[in-house]
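Trainee:
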Amino acid sequence: MQTVRLAHRGRIAILTIDNPPVNALSAALRADLARAVGDAVANPAIDAIVIAASGRAFIAGADISEFGKPPVAPILPEVLDVIENAAKPVVAAIHGVALGGGLEVALACHGRVASPGAKLGLPEIKLGLIPGAGGTQRLPRLIGAAKAFPIMLGGEPISAGKALELGLVDEVVSGDLVEAAVTLASGLAAKGAWERTGERAVRLTQVDREAFEAQAMNAAAKSGDLPNVKALIASVRNAFDLDFAQALVAERALFTALVADDRSKALRYVFFAERDVARVPGIGPEVKPRPIESAAVIGAGTMGGGIAMCFANAGIPVTLIETEQAQIDNGMNRVAAIYEMSVTRGSLTPELRDRRMALISGAVGLTAAANADIVVEAAFEEMGVKLQIFGALDGIAKPGAILASNTSYLDIPTIAAVTKRPQDVIGMHFFSPANVMKLLEVVRPAGAAPDAIATAVTLGRTLGKVAVVVGNCFGFVGNRMLAQRTRAAERLLIAGALPHEVDAAVTDFGFKMGPFAMSDLAGNDIGWRTRKALGRKAAVADALCEAGRFGQKTGKGYFLYPEGARTGQRDPEVETLIAHVSAQKGVTRRSFTAEEIVSRLMDPMVNEGARILEEGIAARPGDIDVIWLNGYSWPAWRGGPMYWADAVGLDVIVRRLEAQATETGDVSLQPAPLLRKLVAEGKSFSSLKDAAA
Ligand code: T1G
């Protein structure tokens, strides 16, 4: 299929890129583009060239799926060389997004026009890379290193307006974009003179360098240990110290080394894993989602308010329902305060705040949910309460409305059974704070209608969430695995580790917080309540709660929080309590290395993940990784628990689990059959990815 279509307007060749879905620069597109530009340059009837694109993107960048495979000629720098050194002017007509290699194509052109909604960026840093086709050289030459470096370091796209202000584009065009590009290209041809970005050094002044060096020092101090940050600094520095051709060669070498880096491999895996979750087994494109134009949320607590904000932020009117007006008022005040904080921080305009607040109304009584297309229940986490609500909703909600519970572990089929519409009853498990956390577990009970699930997945995307469809079980996926880590952390305390050692090992691994600081933050009494409801024991955790040590809210938990401090301090009282529990259990305490702590925490989680896959609760290992990346801040550069297990080696995990099971006598630590099977077959979790396709 031709990925570049040729048309003419007078003496101007218009090359339209057409490589769905987002015009990624595949090997075929690179070859077609180089050839089309070469042909146009050789054609005596052509004075100038416009590069435009069809579909929703100008060019989304290099084809990430090609990384790690042998490069196929022409590589992108060679294509850009053809464009930049063409004997006729080439102008880019940018709509949608010009990202990574897409922006680098535009930078190699001699002029750039953009539509008002276009976004331009170099997001390579987010993939553990740096721009590898001239971005670190051409952008500083065009707009200055001090303005270029933050764009590459942050990886966030800028608007067309900002690009115009910086001099990255020559014109922002509300009308016919291609026509404007033709006009610019014709003008350059008529002048007979145009500038190659690579030849500009005008912006690379001493002042610019000093400003860049200050930024580089900051960046190095914050994340200098990251190989791609180091490489970016070195490559932008080369823009000042080397001539253009040498600097391009140096950039490509730095980029190629990063492509082989494990962090980048993990980040590229995450990129595709987060898109694979949208492929839900048994729900193909023929299953159409139901329209969601209005919502109701039951429960105006922290979760209910946060969920209501998600709808308002997406422009969907939502009714916040409670049993008393006072609770509505509290909920609305909490929501207003959160929006106000965003306005104060400058991340939300007052106008947008007002627009969003106007979309949230409060109402007492379930009848207010009568006209909602979806009702999300976020009431007290107690089955009796849920059954009462859904039983009532069944007679109130309109036919076809989706009835979703935000429960974090209760049984959805039991809830569905009190309605006459089980096919419309699902779980939508938001994570706190709901208006911030990206993860949404869509719980699919056996009786749910496919279009009900498709609706929740589509709605999740509308709400800006990463929606992962999971099966119904206690704790679904994330919390079910978290429970294993929590039990493992308790075991470590009794065996000899201390809270600060466990937390340090976990934060050094890459998590933002360790398990005990997390528990102190969320409230140790939450886990205590769940354990009591399930008749489970945890000697240390229970002893802390019996002593009223619920965490930050009581000034002490696993750690001490003097004067409401947010960072805990070691507490000798807790360490004595822990030693006492060890003695009571006849355990001789010993020290643990950080590596042992990590494996004793993560291996049982991976084992539970294997069971989750065996039971079909998750469709693929990548779904489990996406859940942990977006709901529990697993470090993205480690790919996720299942990706990490593959990197460690499943045979190593199995051996460690067997040793732990023997040492503790806890048979639940015995490796899951799927783990043993994969090891026996010499396979890894990644071999299961396509099984779910
Ligand atoms: N390569 C390969 N596939 C890509 C892709 C890419 N760059 N971008 C998107 N896709 C696929 C994606 O997997 C999905 O596939 C479909 O397109 C729609 O994506 C040399 C080295 C462009 C803003 O990092 O940010 O250039 O699941 O669901 O929400 O210096 O995709 O449908 O089969 O995300 O509308 C730099 C990555 C690459 C941009 C569109 N570029 N892409 O968002 O759709 S490195 C990026 C995005 C590089 C150079 C360097 C987004 C989007 P499927 P989607 P969307």
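With the sequence shown counted from 1, adding 60 to any position gets you this note's numbering.
Backbone N, C-alpha and C define an ideal beta-carbon position, used for all residues, glycine too.
No experiment lies behind these values; they were computed from the predicted model shown.
1) What span of residues does the beta strand (DSSP E) with Thr379 cover, start to end?
2) In the DSSP assignment, what residue or residues form a beta bridge with Glu231?
3) Please go through the region 333-404 and give each complete alpha helix (DSSP H) segment of 4 or more residues, from N-terminal end onward.
4) Near Gly284, what residues of its chain come up, given a Cβ to Cβ distance below 7 Å and the 5 sequence neighbours on each side ignored?
5) Along the chain, where does the beta strand (DSSP E) that runs through Leu187 open and close?
6) Per DSSP, Phe490 forms a beta bridge with which residues?
7) For the region 324-336 and the region 503-512, state whether three or more C-beta atom pairs, one from each stretch, are separated by less than 8 Å.
8) Tell me the rounded alpha-carbon separation between Ala457 and Ile381.
9) For Leu93, does the three-state DSSP call read helix, strand or coil?
10) Nearest to Phe571 by CA position, among Pro349, Gln266 and Asn690, is which residue?
11) Below 7 Å, is the gap between the Cβ of Phe118 and the nearest heavy atom of the ligand T1G?
12) With respect to 7 Å, is the separation between the Cβ of Arg335 and the closest non-hydrogen atom of the ligand T1G below this value?
13) Using DSSP's beta-bridge definition, name the partner residues of Glu437.
14) Mapping the DSSP letters down to three states, classify Lys743 as helix, strand or coil.
15) Output the distance between the C-alpha atoms of Arg591 and Leu286, rounded to the nearest integer angstrom.
16) Enumerate in chain order the residues of its own chain whose CB-to-CB distance from Ala299 is below 8 Å, with the five nearest sequence positions on each side excluded.
17) In the DSSP assignment, the beta strand (DSSP E) including His155 goes from what residue to what residue?
18) Do the region 577-587 and the region 678-690 touch if we need at least three Cβ pairs shorter than 8 Å?
19) In whole angstroms, give me the CA-to-CA distance for Pro149 and Ala250.
20) If you count every other CB in all the chains shown that lies within 10 Å of the CB of Pro351, and 16 or more means buried, which is it?
21) Would a C-beta distance cut-off of 8 Å place Lys498 and Val517 closer than the cut-off?
22) Can you tell me which of Gly425, Ala372, Met392 and Ala432 puts its alpha carbon nearest to the alpha carbon of Leu412?
23) Can you tell me where the beta strand (DSSP E) holding Val600 begins and where it ends?
24) Given a cut-off of 8 Å on the beta-carbon distance, is the pair Val139 and Leu93 in contact?
25) In the structure shown, what three-state DSSP assignment does Gln62 receive?
26) Is the Cβ of Glu606 closer than 8 Å to any Cβ of chain C?
27) Which of the three DSSP states is assigned to Arg69 in this structure?
28) Short of 8 Å in beta carbon distance, which residues of its chain neighbour Ala122, apart from the five on each side in sequence? Order them along the chain.
29) To the nearest angstrom, how far is it from the Cα of Leu729 to the Cα of Glu674?
30) For a test of your reading of the model: does the CB of Pro183 fall under 7 Å from any non-hydrogen atom of the ligand T1G? Yes or no.
31) Using the Cβ count rule (16 or more neighbours within 10 Å means buried), how would you classify Ser407?
32) Given a threshold of 16 other Cβ atoms within 10 Å of its Cβ, counted over all protein chains shown, does Ala112 qualify as buried or as exposed?
33) How many Å lie between Pro575 and Glu353 at the Cα?
34) Does the beta-carbon of Ala193, which I'm using as the reference point, lie nearer than 7 Å to any heavy atom of the ligand MN?
35) Is it the case that the CB of Ile124 approaches a heavy atom of the ligand T1G more closely than 7 Å?
36) Val229 and Val173: beta carbons closer than 8 Å?
Mentor: So, to answer that:
1) As a first step, residue 379 is located in the sequence shown; it is residue number 319 there, counting from the start. From DSSP, the beta strand (DSSP E) with Thr379 extends over Val378 to Glu382.
2) Locating residue 231 in the sequence shown gives position 171, where the first residue counts as 1. DSSP lists Val173 as partners of Glu231.
3) 362-373
4) For the purposes of this step, residue 284 is taken as the residue at position 224 of the sequence shown. Contacts found: Lys290.
5) Along the sequence shown, one-based indexing puts residue 187 at 127. Run containing Leu187: none; DSSP gives neither H nor E here.
6) The sequence position of residue 490 within the sequence shown is 430, counting from 1. Paired residues: Leu500.
7) no
8) Counted from its first residue, the sequence shown places residue 457 at position 397. Counted from its first residue, the sequence shown places residue 381 at position 321. For Ala457 and Ile381, the distance between alpha carbons rounds to 13 Å.
9) For the purposes of this step, residue 93 is taken as the residue at position 33 of the sequence shown. Judged by DSSP in its simplified three-state form, Leu93 adopts helix.
10) If you number the sequence shown from 1, residue 571 lands on position 511. Comparing Cα positions, the closest option is Asn690.
11) Taking the sequence shown and counting its residues from 1, one reaches residue 118 at position 58. No - the ligand T1G has no heavy atom lying nearer than 7 Å to the Cβ of Phe118.
12) As a working note, residue 335 is residue 275 in the sequence shown. Yes, since a heavy atom of the ligand T1G falls inside the 7 Å radius drawn around the Cβ of Arg335.
13) Here residue 437 corresponds to residue number 377 of the sequence shown, with the count starting at 1. Its beta-bridge partners are Ile358 and Ser465.
14) For the purposes of this step, residue 743 is taken as the residue at position 683 of the sequence shown. Reduced to three states, the DSSP call for Lys743 is coil.
15) As a first step, residue 591 is located in the sequence shown; it is residue number 531 there, counting from the start. As a first step, residue 286 is located in the sequence shown; it is residue number 226 there, counting from the start. Near 41 Å, if we compare the C-alpha coordinates of Leu286 and Arg591.
16) The residue you call residue 299 lines up with position 239 of the sequence shown. Answer for Ala299: Thr196, Gln197, Pro200, Arg201, Ala205, Leu264 and Ala307, listed in chain order.
17) As a working note, residue 155 is residue 95 in the sequence shown. Neither: His155 is in no beta strand (DSSP E) and is coded neither H nor E.
18) no
19) The residue labelled residue 149 in the question sits at position 89 within the sequence shown. The residue labelled residue 250 in the question sits at position 190 within the sequence shown. Going by C-alpha positions, Pro149 is about 10 Å away from Ala250.
20) Walking along the sequence shown from the start, residue 351 turns up at place 291. Pro351 is exposed by the Cβ-count criterion.
21) For the purposes of this step, residue 498 is identified with residue 438 of the sequence shown, where counting begins at 1. For the purposes of this step, residue 517 is identified with residue 457 of the sequence shown, where counting begins at 1. Going by C-beta atoms, Lys498 is not nearer than 8 Å to Val517.
22) Your numbering for residue 412 matches position 352 in the sequence shown. The residue with the shortest Cα to Cα distance from Leu412 is Ala372.
23) Start at 1 with the first residue of the sequence shown, and residue 600 comes out as number 540. According to the DSSP assignment, Val600 belongs to no beta strand (DSSP E) but to the alpha helix (DSSP H) extending over Ala599 to Glu606.
24) Sequence index remark: in the sequence shown, residue 139 carries index 79 (1-based). Sequence index remark: in the sequence shown, residue 93 carries index 33 (1-based). For Val139 and Leu93, yes; Cβs fall inside 8 Å.
25) Against the sequence shown, residue 62 aligns to sequence position 2. DSSP places Gln62 in coil when its eight states are reduced to three.
26) Among the chains of the structure shown, chain C does not appear; only one protein chain is present.
27) The residue labelled residue 69 in the question sits at position 9 within the sequence shown. Arg69 falls in the strand class under three-state DSSP.
28) Within the sequence shown, residue 122 is the residue found at index 62, counting from 1. So the list reads Ala84, Leu85, Leu136, Gly160, Gly161, Gly192 and Ala193, once near-sequence residues are dropped.
29) Taking the sequence shown and counting its residues from 1, one reaches residue 729 at position 669. Taking the sequence shown and counting its residues from 1, one reaches residue 674 at position 614. Their backbone Cα atoms lie some 16 Å apart in a straight line.
30) Within the sequence shown, numbered from 1, the residue matching residue 183 stands at position 123. Pro183 Cβ: within cutoff of the ligand T1G.
31) Along the sequence shown, read from residue 1 onward, the residue named residue 407 stands at position 347. Under this definition Ser407 is an exposed residue.
32) Numbered from 1 along the sequence shown, position 52 holds the residue referred to as residue 112. Classification of Ala112: buried, given that the 10 Å Cβ count is 16 or more.
33) For the purposes of this step, residue 575 is taken as the residue at position 515 of the sequence shown. For the purposes of this step, residue 353 is taken as the residue at position 293 of the sequence shown. Answer to the nearest angstrom: the Cα atoms are 39 Å apart.
34) This structure does not include the ligand MN; its bound ligands are the ligand T1G.
35) By one-based count along the sequence shown, residue 124 stands at place 64. At least one heavy atom of the ligand T1G is nearer than 7 Å to the Cβ of Ile124, so yes.
36) Start at 1 with the first residue of the sequence shown, and residue 229 comes out as number 169. Start at 1 with the first residue of the sequence shown, and residue 173 comes out as number 113. Yes, Cβ-Cβ distance for Val229 and Val173 is below 8 Å.
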